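Student: The numbering used here puts the first residue of the sequence shown at 124, with every later residue one more than the last. Ideal placement from N, C-alpha and C gives every residue a C-beta, glycine not left out. As the structure is a prediction and not an experimental result, all values here were calculated from the model.
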Amino acid sequence: MKYSPRSDGRKFIIPSFLFIVALCVLAFINEVRFDSFLSFGRCALSNVPRNSSSLETPVLSSSSDDDEIRILIGILTLPDQYPRRHFLRMIYGTQDVPAGVKIDVKFVFCNLTKEDQKVLVALEIMRYDDIIILNCNENMNKGKTYTYFSSLPDLFNETDAPNPPYHYVMKADDDTYIRQESLVASLRPLPREDLYYGYVIPCPSMDPFVHYMSGMGYLVSWDIAVWLKDSEIPKKHLEGPEDKVFGDWIREGRRGKNRFNAKWSMYNFPEPPTRCTHELWPDTIAVHLLKNQEKWIRTLNYFNVTSNLKPSKLYHIP
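Okay, here's the thing in structure tokens:
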């Protein structure tokens with residue numbers, strides 16, 4: 124019998140064609156199953172009521188599909204703290220933030236009471252435009268925090284500005300070092316509505332739904348600032364430890380259904396050692412109680428904040 128290469132080729136092509144068809148069908152079936160699984164997963168995660176620890180992957184999804192995040196950090200301080208403000212401007216002005224992220228750092232205090240303040244603070248505003256002067260008498264635990272948050276909707280209510288002007292607003296102490304890039308990374312998976320974020324008090328607690336967030340630095344979504352402006356609840360209870368009182372408002376008003384405990388990425392400086400702190404570590408969002416220059420320098424050295432210093436003939440820093 125005469126050998127025919129063409130005949131053998133046909134025998135090979137037909138099974139190969141059938142095999143390819145079978146692979147396509149199988150891939151289509153798997154794709155349908157995978158999409159169904161993803162849909163089920165999204166549905167299941169959307170019903171998860173809360174996330175209690177920064178050590179776990181947040182399961183709450185963002186309410187926006189874009190990468191743009193606008194954050195206002197209000198550092199509550201005193202008018203006479205000129206050196207501290209200049210120091211913090213360097214700290215935050217030299218930090219890099221991801222593309223599409225806007226972080227405004229503002230210094231917040233009450234009405235000026237001295238003649239020198241009226242001149243020096245005015246010069247600061249002309250030069251830096253980073254000060255908010257609230258209509259209040261200077262205080263720590265008698266309503267300054269309420270005045271800050273409740274004033275924001277009117278202060279930033281501009282027709283040509285984005286809506287909302289900020290997705291998140293934060294209150295921070297002037298002895299807290301905030302690493303902005305880490306803050307942004309922790310916020311990306313989180314909702315942009317009804318969010319209450321910070322370091323849970325008391326120290327041993329990891330459940331943000333039990334007590335309140337430490338005054339070292341806590342953050343809420345813009346809608347909560349609007350609620351504080353309009354609600355009667357805070358007006359009836361202004362005095363007391365400001366962070367605890369803020370937590371009372373949130374609880375009584377049934378706000379902050381989305382909460383995130385940033386412990387242990389937020390913590391007190393490790394000395395003296397307490398239950399509220401640990402050693403400095405890379406996974407840090409904020410360090411609190413930097414009460415003197417030595418503690419600031421140790422913290423800044425640990426995070427190597429001057430690593431981007433460009434070489435120049437004008438200076439020599441070993």
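Between which two residues does the alpha helix (DSSP H) containing VAL368 stretch?
Tutor: Counting along the chain, the alpha helix (DSSP H) containing VAL368 begins and ends at 365-375.
Student: Identify every residue that forms a DSSP beta bridge with LYS414.
Tutor: DSSP output for LYS414 lists no bridge partner at all.
Student: Applying the 10 Å Cβ sphere with the 16-neighbour rule, what's the burial state of THR200?
Tutor: Looking at its Cβ environment, which holds 16 or more other Cβ atoms inside 10 Å, THR200 is buried.
Student: In this structure, what does DSSP give as the bridge partners for ASP352?
Tutor: Residue identity differs from the one stated: residue 352 is Lys in this sequence, not Asp. According to DSSP, LYS352 bridges with nothing at all.
Student: Quick one: residues in its chain with C-beta nearer than 6 Å to the C-beta of VAL231, no 5 flanking neighbours on either side, listed in chain order?
Tutor: Same-chain partners within the cutoff: GLY197, LEU199, ILE255, TYR271.
Student: Just checking, does the segment 297-304 make contact with the segment 348-366 on the three C-beta pairs under 8 Å criterion?
Tutor: Judged by Cβ distances under 8 Å, the segment 297-304 makes no contact with the segment 348-366, as fewer than three pairs qualify.
Student: Give the secondary structure of GLY321 by DSSP, where H, G and I count as helix, E and B as strand, and everything else as coil.
Tutor: Looking at GLY321 - three-state DSSP - the assignment turns out to be strand.
Student: Keeping to the same chain, check which residues put their C-beta closer than 8 Å to that of MET263; ignore five residues upstream and five downstream.
Tutor: Taken in chain order, the residues that qualify are GLU365.
Student: Identify whether TYR126 lies in helix, strand or coil by the three-state DSSP scheme.
Tutor: Note on TYR126: pLDDT 48, under 50, position unreliable in the model; the coordinate value appears next. Three-state DSSP puts TYR126 in coil, outside helix and strand.
Student: Run through DSSP, which three-state label would LEU199 get?
Tutor: Reduced to three states, the DSSP call for LEU199 is strand.
Student: Mapping the DSSP letters down to three states, classify SER274 as helix, strand or coil.
Tutor: Helix at SER274.
Student: Alpha carbon to alpha carbon, how far is TYR251 from LYS229?
Tutor: In a straight line, the C-alpha of TYR251 is about 10 Å away from that of LYS229.
Student: Within 10 Å of its beta-carbon, does MET336 have 16 or more other beta-carbons around it, so buried, or fewer, so exposed?
Tutor: Counting Cβ neighbours within 10 Å, MET336 comes out buried, since at least 16 surround it.
Student: Going by C-alpha distance, which of TRP404, PHE383, ALA385 is nearest PRO464?
Tutor: The shown model of the chain, from 124 to 441, leaves out residue 464, and the question about it has no answer.
Student: So, helix, strand or coil for VAL192, using DSSP?
Tutor: The residue asked about is misnamed: residue 192 is Ile in this sequence, not Val. Reduced to three states, the DSSP call for ILE192 is strand.
Student: Can you tell me the Cβ-Cβ gap for GLY340 and ILE301, rounded? I've got them flagged as a contact below 8 Å.
Tutor: Their Cβ separation, rounded to whole angstroms, is 6 Å, which keeps GLY340 and ILE301 in contact under 8 Å.
Student: Less than 8 Å between the beta carbons of LEU461 and SER354, yes or no?
Tutor: Residue coverage of the chain in this structure runs from 124 to 441, which leaves residue 461 outside it and unanswerable.
Student: Measure the C-alpha to C-alpha separation of PHE426 and ILE214 and round it to an integer number of angstroms.
Tutor: One C-alpha to the other measures close to 12 Å.
Student: ARG382 to HIS439, Cα distance in whole Å?
Tutor: About 47 Å.
Student: Taking DSSP's pairing of strands, which residues face ILE255 in a bridge?
Tutor: Partner(s): VAL231.
Student: Could you tell me which of ILE420, GLY223, VAL428 sits nearest to VAL307, measuring between CA atoms?
Tutor: Looking at the Cα atoms, GLY223 is the closest of the given residues.
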